[in-house]
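Enquirer: The following block contains the structure, expressed as structure tokens.
Number of protein chains: 2
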Amino acid sequence: MDWNPRISHLECIGCGARYPATTLMNLCPVDNRPVEIRMDLERLVAERPGLAWYDPARRDQWRFGGLLPLDVTEAADQPYIVSLGEGATPLLDYRNHALAQLGGFELYVKDEGKARADHGANPTQSFKDRGMSMVASMARRHGLNRLAVPTQGNAGDSLCAYAEAAGLQAVVAMPEDTPLPILGRVAALAHGSENFHLVRVQGTIREAGEALKHDWIPNGWFSVATFQEPGWRIEGKKTLGLELAEPAEPGGQWCLPDVIVYPTGGGTGVLGMWKAFAELEILGLIGPRRPRMVCVQAAPTAPLATAFESGDNDTRAAAAGQTLAFGLNVPGGIGHARVLEIIRASDGVALAIPEAEIQAVFRSEWRERHGWTGPEGAACLAALPRLLDAGVIRPRDRVVAFNTGSLEKYLPDLRHLL
Amino acid sequence: MDWNPRISHLECIGCGARYPATTLMNLCPVDNRPVEIRMDLERLVAERPGLAWYDPARRDQWRFGGLLPLDVTEAADQPYIVSLGEGATPLLDYRNHALAQLGGFELYVKDEGKARADHGANPTQSFKDRGMSMVASMARRHGLNRLAVPTQGNAGDSLCAYAEAAGLQAVVAMPEDTPLPILGRVAALAHGSENFHLVRVQGTIREAGEALKHDWIPNGWFSVATFQEPGWRIEGKKTLGLELAEPAEPGGQWCLPDVIVYPTGGGTGVLGMWKAFAELEILGLIGPRRPRMVCVQAAPTAPLATAFESGDNDTRAAAAGQTLAFGLNVPGGIGHARVLEIIRASDGVALAIPEAEIQAVFRSEWRERHGWTGPEGAACLAALPRLLDAGVIRPRDRVVAFNTGSLEKYLPDLRHLL
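Quick mapping for you: the protein sequence lines, in order, are chains R and P.
Take any residue in the first sequence, note its place counting from 1, add 461, and you have its number in our numbering.
Take any residue in the second sequence, note its place counting from 1, add 461, and you have its number in our numbering.
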């Protein structure tokens with residue numbers, strides 16, 4: 462079967478080297494930097510004029526059909542697509558939040574951790590499902606059967622769900638101290654099926670990655686670690702940006718918020734959203750204006766904030782700290798140079814939030830709203846006072862903060878704060 | 462080392478056959494019924510007059526020192542005792558509960574699921590910890606190393622915690638559909654250590670028991686299934702009754718509530734509390750009056766309620782139903798005849814609560830109080846209107862309902878109700 466002809470090629474985000482659309486690769490062999498999938502948008506416009514590439518009635522991320530490397534509206538692509546209802550998550554109205562009232566801005570929270578009571582929820586209650594839905598689908602497209610991922614938890618949980626749905630095998634490496642709702646779910650899957658393997662490491666996602674490189678990748682397991690896939694997880698995370706821009710009602714105006722506050726570990730979501738905006742501009746749906754991109758980190762492990770403040774172009778290898786925002790305990794990343802470029806190009810900022818502030822906001826979110834905001838989402842809300850002071854958020858701005866996962870995924874570790 | 466001389470002997474609750482205190486056995490070989498540990502209370506009174514057997518300053522169940530088969534105040538027993546802070550749980554004041562106000566009775570909830578923010582909490586957030594603390598301790602006393610338990614979930618979770626603390630090995634058999642916070646925790650333990658084994662079955666605790674009988678017990682694993690231990694879990698659960706009777710302040714009056722509303726699966730807690738009351742009477746701390754014992758079951762699987770209504774002396778093998786009150790999905794039990802005797806002797810009742818009522822009360826408990834009442838506890842609260850109507854609860858009664866575990870142990874299965 463022919464590949465989707467609207468994938469133009471793969472392109473290194475560093476040196477710009479190009480590879481055929483069908484190449485199965487990890488990093489660019491020229492400069493060891495990530496590659497992205499380039500869509501042939503001229504062809505898309507010609508073949509699918511207006512919004513013919515888009516199916517707003519569909520309640521998952523695949524409704525952005527023609528803009529994605531597998532197009533759910535094409536019979537040839539459909540057999541590969543593994544959907545568990547990911548995406549189409551709610552944008553919660555936080556306009557009555559005290560700080561939003563005080564600062565005179567409009568605040569919304571994109572809730573990627575919503576429970577699955579109905580449509581519009583990620584199946585494993587984190588934003589990782591967007592990327593892993595794409596990973597499982599592209600793996601099937603390439604005929605891959607064995608996938609490997611190092612993780613702080615949520616990406617591994619998500620890969621397992623999609624691998625199980627897709628009939629693929631997976632090995633997941635994660636820190637020994639990963640919260641039990643995640644570690645236990647993967648352990649239960651590995652206990653019950655030979656298709657799943659759990660590797661536990663001392664350390665963080667970094668040591669998890671080393672373990673896979675040593676014992677599994679050489680034996681034929683394909684790495685779908687952050688930025689290694691190639692470009693697949695960015696395409697999934699791209700739908701975060703597409704959803705932010707998407708009109709609330711069909712026929713409405715596509716438009717972007719003024720500020721995006723995003724809890725950033727590896728940074729796939731930042732690259733994905735930025736790519737979404739570029740593509741929407743080429744399609745003529747938005748103009749050149751971009752949101753100020755704010756990357757929030759937990760102070761114990763904040764390589765992006767450190768590099769941003771120092772004016773550096775990339776992060777340096779750092780020791781991992783300890784934070785209850787487990788998803789943010791990411792001491793380095795192959796895509797961090799690009800994240801820093803995007804922050805600066807957007808007039809944004811990278812911020813380190815002290816652990817005590819994250820925990821205080823996490824606790825008050827629970828007590829005041831009885832919502833299920835996770836600690837990474839709490840970190841974004843905790844960033845707001847600094848962003849106001851620094852003028853990154855201004856009166857009348859429309860601000861979207863991300864809650865990237867539900868607190869219940871870390872519950873035993875957070876219960877004492879509730 | 463000599464055994465605690467205040468253990469008189471083991472005694473079958475059916476035929477009354479007696480066995481030496483140090484016997485390692487399961488059911489009574491004469492009539493296949495459970496045995497209980499009989500304490501030599503005359504000797505206790507002689508050796509530890511007044512309350513000298515009791516250490517109210519100690520914040521775990523072992524404070525009932527001389528009344529337990531291992532006495533934490535005796536140097537000879539101390540090395541065997543495995544305590545993780547179990548027991549001493551809070552009695553929540555529910556006097557403002559709408560139905561208590563309406564019916565003019567005093568309502569309290571004994572919260573066995575409290576999170577471990579400080580003292581007075583069960584380490585795995587269920588009442589099973591009382592029995593399993595005793596199991597691990599008595600196993601060490603007997604020099605046993607390998608323990609086997611079939612479970613609806615919580616007992617297995619608890620055994621693992623105590624076996625790990627005690628350096629023992631454990632095999633846990635549980636239903637395949639056990640909620641993931643429990644199944645996953647045991648799976649993670651089994652994945653990380655050769656001392657732990659997880660067996661998953663289709664069905665309930667009954668099929669779990671069959672699996673162990675077939676594959677594990679013949680190979681030297683000692684069964685600590687309900688009533689098989691011998692009598693150990695009853696001694697742990699006995700502390701439920703001791704705590705209900707215990708004065709709030711040292712020097713106060715020991716006294717019992719008028720009604721106890723208890724979610725009943727196998728019924729160890731009912732036998733344990735009843736035994737506590739008998740012992741306290743012999744010690745002269747309470748009189749012959751007993752609380753009306755109410756055993757609450759979930760209608761989908763309610764062998765005790767069925768037998769009680771039919772006037773039968775024992776339950777019959779029944780098909781298991783489906784209930785979100787997982788701990789109550791117990792289709793039969795070797796101790797049910799004794800539970801029925803106790804209910805009747807106390808002028809109590811066994812009740813089956815429809816699943817929809819359990820779920821409605823579970824949901825309203827969460828929404829109104831934002832507490833962590835589990836579905837078994839919700840079943841007890843759901844029973845109150847019927848108990849009022851039936852005159853089992855009367856005006857001015859002091860009523861204690863049990864919440865036997867925290868909802869978070871079943872969270873993924875209950876999340877849609879919150």
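Ideal Cβ positions, reconstructed from N, Cα and C, are used throughout, including at glycine.
The structure presented is a predicted model; accordingly, all values stated were derived computationally and were not measured.
Anything in chain R within Cβ reach of Ala-631/P, meaning under 9 Å, just list it in chain order.
Expert: By Cβ distance, chain R contributes nothing, its closest Cβ being about 15 Å from Ala-631/P, past 9 Å.
Enquirer: When DSSP builds the beta bridges, which residues end up paired with Ile-468/P?
Expert: Answer is Met-500/P.
Enquirer: With a cut-off of 9 Å, does the C-beta of Pro-836/P fall near any C-beta of chain R?
Expert: So, not an interface residue.
Enquirer: Find the residues of chain R that neighbour Leu-872/P, judging by a C-beta separation of less than 9 Å, and give them in chain order.
Expert: Per Cβ cutoff of 9 Å: Pro-642, Glu-869 and Leu-872.
Enquirer: Applying a beta-carbon distance threshold of less than 7 Å, which residues of chain P neighbour Leu-659/R?
Expert: Neighbours of Leu-659/R on chain P, chain order: His-652.
Enquirer: What residue range does the beta strand (DSSP E) around Ala-631/R cover?
Expert: Note, Ala-631/R: beta strand (DSSP E), 630-636.
Enquirer: How long is the line joining the alpha carbons of Tyr-480/R and Ile-695/R, rounded to whole angstroms?
Expert: Roughly 17 Å between the two C-alpha positions.
Enquirer: Note down, in chain order, each residue of its chain lying with its Cβ closer than 8 Å to the Cβ of Ala-627/P, except the 5 sequence neighbours on either side.
Expert: So the qualifying residues of the chain are Val-543, Ala-597, Ser-598, Ala-600 and Arg-601.
Enquirer: Are the segment 757-777 of chain R and the segment 798-816 of chain R in contact at 8 Å, needing three or more beta carbon pairs?
Expert: Touching, yes, given that three or more Cβ pairs across the two stretches are closer than 8 Å.
Enquirer: Would you check if the distance between the CB atom of Thr-687/P and the CB atom of Thr-729/P is smaller than 9 Å?
Expert: Yes.
Enquirer: Kindly list, in the order they appear in chain P, the residues whose Cβ is closer than 8 Å to that of Arg-876/R.
Expert: Neighbours of Arg-876/R on chain P, chain order: Ala-576 and Glu-869.
Enquirer: Run through the segment 533-590 of chain P for me and flag every whole alpha helix (DSSP H) of 4 or more residues, listed as ranges in chain order.
Expert: DSSP runs (the alpha helix (DSSP H)) wholly in the segment 533-590 of chain P: 559-564.
Enquirer: Which same chain residues, not among the five before or five after Phe-683/P, have their C-beta less than 6 Å away from its C-beta?
Expert: Result list for Phe-683/P: Leu-605 and Leu-608, in chain order.
Enquirer: Kindly indicate which three-state DSSP category Leu-849/R falls into: helix, strand or coil?
Expert: If DSSP states are grouped into helix, strand and coil, Leu-849/R belongs with the helices.
Enquirer: Take Ala-766/R and list the residues in its own chain whose beta-carbon comes closer than 6 Å to its own, dropping the five residues that flank it on each side.
Expert: Counting only Cβ-Cβ distances below 6 Å, and skipping sequence neighbours, we find Gln-758, Ala-811, Leu-812 and Ala-813.
Enquirer: By the 8 Å beta-carbon criterion, what residues does the segment 599-616 of chain P contribute toward chain R?
Expert: Listed by position, the residues of the segment 599-616 of chain P near chain R (Cβ gap below 8 Å) amount to none.
Enquirer: What residues from chain P crowd round Ala-648/R, counting only those whose CB sits closer than 7 Å?
Expert: Those are Gly-645, Ala-648, Ala-649 and His-652, listed as they occur along chain P.
Enquirer: Using a Cβ cut-off of 7 Å, pull out every chain R residue sitting near His-831/P, in sequence order please.
Expert: Simply His-831.
Enquirer: Let's test the definition: count the other Cβ atoms within 10 Å of the Cβ of Glu-473/P and tell me whether it reaches 16, buried, or not, exposed.
Expert: Per the sequence presented here, residue 473/P reads as Cys, with Glu not at that position. Classification for Cys-473/P: buried.
Enquirer: For Cys-476/R, tell me which candidate among Val-496/R, Arg-777/R and Val-647/R has the shortest Cα-Cα distance.
Expert: Of the candidates Val-496/R, Arg-777/R and Val-647/R, the one whose C-alpha sits nearest the C-alpha of Cys-476/R is Val-496/R.
Enquirer: Out of Met-734/R, Thr-725/R, Asp-773/R and Arg-830/R, which has the shortest C-alpha to C-alpha gap to Pro-792/R?
Expert: Nearest of Met-734/R, Thr-725/R, Asp-773/R and Arg-830/R to Pro-792/R, Cα basis: Thr-725/R.
Enquirer: Chain R beta carbons: is any one of them nearer than 9 Å to that of Leu-717/P?
Expert: False, the Cβ-Cβ gap to chain R never drops below 9 Å.
Enquirer: Just the C-alpha distance for Asp-773/P and Met-754/P, rounded to the nearest angstrom, thanks.
Expert: Cα to Cα, the separation comes out at about 17 Å.
Enquirer: Here's the rule: buried if 16 or more other CB atoms are within 10 angstroms of the residue's CB, otherwise exposed. What is Ala-634/P?
Expert: It counts as buried.
Enquirer: Per DSSP, which residues does Ala-759/R bridge with? Please list them.
Expert: Paired residues: Thr-762/R and Ile-814/R.
Enquirer: For Gln-689/P, does the count of other Cβ atoms within 10 angstroms reach 16, so buried, or fall short, so exposed?
Expert: Gln-689/P comes out buried.
Enquirer: Examine chain P for any beta-carbon lying closer than 9 Å to the beta-carbon of Leu-879/R, and answer yes or no.
Expert: Chain P contact via Cβ: present.
Enquirer: In three-state DSSP terms, what is Met-593/P?
Expert: Reduced to three states, the DSSP call for Met-593/P is helix.
Enquirer: Is it the case that the segment 691-706 of chain P contacts the segment 816-833 of chain P, given that we only count it when at least three CB pairs across the two stretches are under 8 Å?
Expert: These segments do not touch.
Enquirer: Exposed or buried, which one is Leu-563/P when buried takes at least 16 other CB atoms within 10 Å?
Expert: Looking at its Cβ environment, which holds fewer than 16 other Cβ atoms inside 10 Å, Leu-563/P is exposed.
Enquirer: Using the beta-carbon count (16 or more within 10 Å), is Gly-712/P buried or exposed?
Expert: Burial call: exposed.
Enquirer: Between the alpha carbons of Pro-752/P and Asp-719/P, how many angstroms are there, rounded?
Expert: Looking at the two C-alpha atoms, the distance is approximately 5 Å.
Enquirer: On the DSSP bridge assignment, give the partners of Gly-712/P in chain order.
Expert: According to DSSP, Gly-712/P bridges with nothing at all.
Enquirer: Measure the C-alpha to C-alpha separation of Glu-671/P and Glu-567/P and round it to an integer number of angstroms.
Expert: Cα to Cα, Glu-671/P sits roughly 43 Å from Glu-567/P.
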